[in-house]
Amino acid sequence: MSVTAITGARVFDGEKTRGALTVLVDSGRIARIGGDVPEGAEIVDGSGATLLPGLIDAHVHTGRDALALALRFGVTTELEMQGTNTADNRAHISGDDTVADVRSSGFGITPPGGHPSELFPEGFRPGPPAGAEPTGAPPLMPFSTTPEEAVAFIPQLIDRGSDYIKFMVDDGSVEGHPGLPMLDQATLNAGVAEAKRRGMLTIAHTLTVDATRMAIEAGIDGLAHLFMDQPHTDETINLIKDAGVFVVPCVVLNASMMGITGSELADDPRVAARLDADWDKALRSSFGHYPQGKIEDVLATVKALSDAGVDLLAGTDVSFPLPFLGGLAHGASVHHELQYLVRAGLTPAQALRTATATTARRFSLDDRGRIAEGLRADLILVDGDPTTTISDTLNTRAIWRRGTRLAV
Numbered sequence: 444m445s446v447t448a449i450t451g452a453r454v455f456d457g458e459k460t461r462g463a464l465t466v467l468v469d470s471g472r473i474a475r476i477g478g479d480v481p482e483g484a485e486i487v488d489g490s491g492a493t494l495l496p497g498l499i500d501a502h503v504h505t506g507r508d509a510l511a512l513a514l515r516f517g518v519t520t521e522l523e524m525q526g527t528n529t530a531d532n533r534a535h536i537s538g539d540d541t542v543a544d545v546r547s548s549g550f551g552i553t554p555p556g557g558h559p560s561e562l563f564p565e566g567f568r569p570g571p572p573a574g575a576e577p578t579g580a581p582p583l584m585p586f587s588t589t590p591e592e593a594v595a596f597i598p599q600l601i602d603r604g605s606d607y608i609k610f611m612v613d614d615g616s617v618e619g620h621p622g623l624p625m626l627d628q629a630t631l632n633a634g635v636a637e638a639k640r641r642g643m644l645t646i647a648h649t650l651t652v653d654a655t656r657m658a659i660e661a662g663i664d665g666l667a668h669l670f671m672d673q674p675h676t677d678e679t680i681n682l683i684k685d686a687g688v689f690v691v692p693c694v695v696l697n698a699s700m701m702g703i704t705g706s707e708l709a710d711d712p713r714v715a716a717r718l719d720a721d722w723d724k725a726l727r728s729s730f731g732h733y734p735q736g737k738i739e740d741v742l743a744t745v746k747a748l749s750d751a752g753v754d755l756l757a758g759t760d761v762s763f764p765l766p767f768l769g770g771l772a773h774g775a776s777v778h779h780e781l782q783y784l785v786r787a788g789l790t791p792a793q794a795l796r797t798a799t800a801t802t803a804r805r806f807s808l809d810d811r812g813r814i815a816e817g818l819r820a821d822l823i824l825v826d827g828d829p830t831t832t833i834s835d836t837l838n839t840r841a842i843w844r845r846g847t848r849l850a851v
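First residue of the sequence shown? That's 444 in the working numbering, and the numbers climb one at a time after it.
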């Protein structure tokens, strides 16, 4: 692999802007920041552009085709929160620089018949995309109704390659299916404690304030959603802050649940050019299960959490290109989420951290999420300056995954 020198671009290193510096890429890594261009290097002129770390989506359900779409939008890593891309299944992905990298929880701990079964029409069985058939054993479905069952599934999930452990805490009320089977507090407590005892990161699906309280009482490390059933209070914000948990707000998902589509994003020519007809249709649709919700309440909660110093991570909950899972598209919705975070009151730089350094730190992805010597050369070069105009993240000029430039 030849040495690449990216010159003249302002560098946002995942935490701060460092001005215009030459970034040298060699053998898939960031070899040097600053200094002269070595003789024989391939030069990429970054004048008028900003170099960012590859973006990370901290909440997806994905497959190979979806990972390829994500990469076309500069999302170089997706964190799967329910699916089959565990360590025993993803060798074909980890070495493929035409798709985003992935980490996975495997399947979340939930009771039989619990969330997310209510989201799918009767008989619907999502499967892996063509060309991405899992190579390992069938996925482990950790259905649990007792503390003992939850505890017993933790080592099995670890042995099967789960990178972190997810718990579903959902009674179905937000999805229009109140009364769903739901983990009780004792089962949740036992499962979280066992996962943490074994050194695993824990994350909980929570869409209500009550579910959020349950997860925090159990000692969860992070929340895969932001509650949307009521406005925040100082008490709730302090509860989250004092627990030290991170939050993946998934504002784009909350908006979709409220019936707000992604049509405005789909109309953006920078997005439309990268979507096929199925994804365009999905993006222009919505979940629509919670029309009584107020997006203004969600945005106000995001701002309050940010002001309190809670770590926010950019995530979307994007999955399949189907209208009933609509309002979302791999890659594109990360940019939409960043726009929502800025609309909530975060600065563009704060929003960019949610999709780069902060997510890498909270998920212990120590080799990515920042532009620093020795890290993976997962990079996106965009025209303009997204630290002042967040929508400039869509002005893609070049994308690299492990130093390999994506052909676009």
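Where is the CB? At the ideal position from N, CA and C, for every residue including glycine.
Worksheet item: Where do the N-terminal and C-terminal ends of the beta strand (DSSP E) with residue 480 fall, by residue?
Response: Taken as a continuous stretch (DSSP letters only), residue 480 belongs to no beta strand (DSSP E), as it is neither H nor E.
Fill in: Spatially closest choice to residue 849 from 835, 822, 828, 829, by CA coordinates
The shortest Cα separation from residue 849 among 835, 822, 828, 829 belongs to 822.
Practice prompt. Go to residue 648, then tell me how far its beta strand (DSSP E) extends in each direction, as first and last residue.
Written response: 645-648
Worksheet item: Is residue 458 helix, strand or coil by DSSP?
Response: coil
Practice prompt. Classify residue 558 as helix, strand or coil using the three-state DSSP reduction.
Written response: coil
Discussion item. With three or more C-beta pairs closer than 8 Å as the rule, is the region 689-705 touching the region 730-750?
Written reply: yes
Discussion item. My parser needs the alpha helix (DSSP H) runs of 4 or more residues fully inside the region 503-527; what are they?
Written reply: 507-515
Fill in: Segment limits, alpha helix (DSSP H) that includes residue 730
First-last for residue 730: undefined, no H or E at that position.
Discussion item. Does the region 601-608 come into contact with the region 546-562, if we say contact requires no fewer than three beta-carbon pairs (one atom in each stretch) closer than 8 Å?
Written reply: By the Cβ rule, the region 601-608 counts as touching the region 546-562, because three or more pairs are nearer than 8 Å.
Worksheet item: Which residues in the same chain as residue 480 place their Cβ atom closer than 7 Å to its Cβ, once the five residues preceding and following it in sequence are excluded?
Response: Closer than 7 Å at the Cβ level, and outside the excluded window around residue 480, lie 448, 450, 465, 486.
Item to complete: Would you mind reading off the limits of the alpha helix (DSSP H) that contains residue 657?
Response: 652-661
Worksheet item: Apart from the five residues on each side of it in sequence, which residues of its chain come closer than 7 Å, Cβ to Cβ, to residue 779?
Response: 695, 705, 708
Discussion item. Less than 7 Å between the beta carbons of residue 611 and residue 517, yes or no?
Written reply: no
Fill in: Euclidean distance between Cα positions of residue 484 and residue 473
Using only the alpha carbons, I get a separation of about 14 Å.
Worksheet item: CB-CB under 6 Å to residue 783, same chain, minus the five flanking residues each way: which ones, in chain order?
Response: 694
Discussion item. By DSSP's criteria, residue 448 is part of a beta bridge. Which residues make up the other side?
Written reply: 467, 486, per the DSSP bridge assignment.
Worksheet entry | C-beta contact flag for residue 725 and residue 524 at 7 Å | no
Worksheet item: Is the beta carbon of residue 897 sitting closer than 7 Å to the one on residue 829?
Response: The chain is shown only over 444 to 851; residue 897 falls outside these bounds and no answer can be derived.
Worksheet item: How many angstroms separate the CA atom of residue 846 from the CA atom of residue 712?
Response: 27 Å
Discussion item. Per the DSSP calculation, residue 496 is bridged to which residue(s)?
Written reply: 822
Worksheet item: Which whole-angstrom value is the C-beta distance of residue 800 and residue 757, which I expect to be below 8 Å?
Response: Not quite, the Cβ-Cβ distance comes to about 11 Å (not below 8 Å), so this is no contact.
Discussion item. Per DSSP, what are the beta-bridge partners of residue 843 in this structure?
Written reply: 822, 848
Discussion item. Using CA atoms only, rank isn't needed, just tell me which of 488, 685, 615, 775 is closest to residue 717.
Written reply: 775
Item to complete: Tell me where the alpha helix (DSSP H) around residue 635 begins and ends.
Response: 628-640
Worksheet entry | Proximity to residue 598 [Cα-Cα], best of 662, 844, 641 | 641
Item to complete: Determine the DSSP secondary structure at residue 700, reduced to helix, strand or coil.
Response: helix
Item to complete: Along the alpha helix (DSSP H) that carries residue 614, what are the first and last residues, could you check?
Response: Residue 614 -> no alpha helix (DSSP H), and no H or E assigned at all.
Discussion item. Please state the DSSP three-state secondary structure of residue 706.
Written reply: helix
Worksheet item: Counting Cβ pairs, one atom from each stretch, are 3 or more of them under 8 Å apart for the region 759-778 and the region 499-506?
Response: yes
Item to complete: Reducing DSSP to helix, strand and coil, say where residue 679 ends up.
Response: helix
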